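The structure appears right after this line, and notes come after that.
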Amino acid sequence: VQLQASGGGLVQAGGSSMLSCAASGSLRRINSRGWYRQAPGKQRELVASISRGGEIRYADSVKGRFTISGNVMSTVYLQMNGLEPEDTAVYYCNLNSPFSPFNWWGQGTQVTVSS
Numbered sequence: 806v807q808l809q810a811s812g813g814g815l816v817q818a819g820g821s822s823m824l825s826c827a828a829s830g831s832l833r834r835i836n837s838r839g840w841y842r843q844a845p846g847k848q849r850e851l852v853a854s855i856s857r858g859g860e861i862r863y864a865d866s867v868k869g870r871f872t873i874s875g876n877v878m879s880t881v882y883l884q885m886n887g888l889e890p891e892d893t894a895v896y897y898c899n900l901n902s903p904f905s906p907f908n909w910w911g912q913g914t915q916v917t918v919s920s
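In this text, residue positions in the sequence shown follow my numbering: the first is 806, and each later residue adds one.
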């Protein structure tokens, strides 16, 4: 399985950006797709996820500002509105499967929000 993320970059506070993550390879079964982020000196955290059944979860810090969408078997998107400097991080797309190694990760894309 390969995950190719795109989008991100430098955005002013209050602005918007969209990330996309395309999956390819042997996609036999997928539990969920998601976006995580890791800021300098902090642990990687879940931002948003969407399950095969369409269940969506968001971190409290992004509720009402970020929207995850797409097809878990192909491309998922993360629309980010009302960006804040605290959203600055490297964003990683994720694919969770019941098969080992259970989690696949994209290469990470930098999102920098300037104040």
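For every residue, glycine included, the Cβ atom is placed at its ideal position computed from N, Cα and C.
Computed from a predicted structure; not experimentally measured.
Problem set entry | Alpha-carbon spacing of A827 relative to P845, whole angstroms | Position 22 of the sequence shown, counting from 1, holds the residue named residue 827. Position 40 of the sequence shown, counting from 1, holds the residue named residue 845. The straight-line gap from Cα to Cα measures roughly 25 angstroms.
Exercise. How would you write the range of the beta strand (DSSP E) that T880 sits in, first residue to last?
Worked result: Against the sequence shown, residue 880 aligns to sequence position 75. Note, T880: beta strand (DSSP E), T880 to M885.
Exercise. With a Cβ-Cβ cutoff of 8 angstroms, do Y897 and G875 count as a contact?
Worked result: Numbered from 1 along the sequence shown, position 92 holds the residue referred to as residue 897. Numbered from 1 along the sequence shown, position 70 holds the residue referred to as residue 875. Not in contact: Y897 and G875 (Cβ atoms no closer than 8 angstroms).
For this session: Could you pull the start and end residues of the beta strand (DSSP E) that I835 belongs to?
Result: Here residue 835 is taken as the residue at index 30 of the sequence shown, counted from 1. Taken as a continuous stretch (DSSP letters only), I835 belongs to no beta strand (DSSP E), as it is neither H nor E.
For this session: Starting from Q913, trace the beta strand (DSSP E) both ways and give me its first and last residue.
Result: Numbered from its first residue, the sequence shown carries residue 913 at position 108. Reading off the sequence, residue 913 comes out as Gly, not Gln. Unbroken run through G913: none, as it is neither H nor E.
Problem set entry | C-beta atoms of I873 and R857 nearer than 8 angstroms | Counted from its first residue, the sequence shown places residue 873 at position 68. Counted from its first residue, the sequence shown places residue 857 at position 52. Not a contact, by the Cβ cut-off of 8 angstroms.
Exercise. Apart from the five residues just before and just after R849, which ones in its own chain have a Cβ nearer than 6 angstroms to its Cβ?
Worked result: Here residue 849 is taken as the residue at index 44 of the sequence shown, counted from 1. Answer for R849: Y841 and Q843, listed in chain order.
Exercise. Can you name the start and end residues of the beta strand (DSSP E) that R849 belongs to?
Worked result: The residue you call residue 849 lines up with position 44 of the sequence shown. In the DSSP assignment, R849 falls outside any beta strand (DSSP E), carrying neither H nor E.
Exercise. What number of angstroms, rounded off, separates the C-alpha of S927 from the C-alpha of S879?
Worked result: In the structure as shown, the chain starts at 806 and stops at 920, and residue 927 therefore has no counterpart that could be examined.
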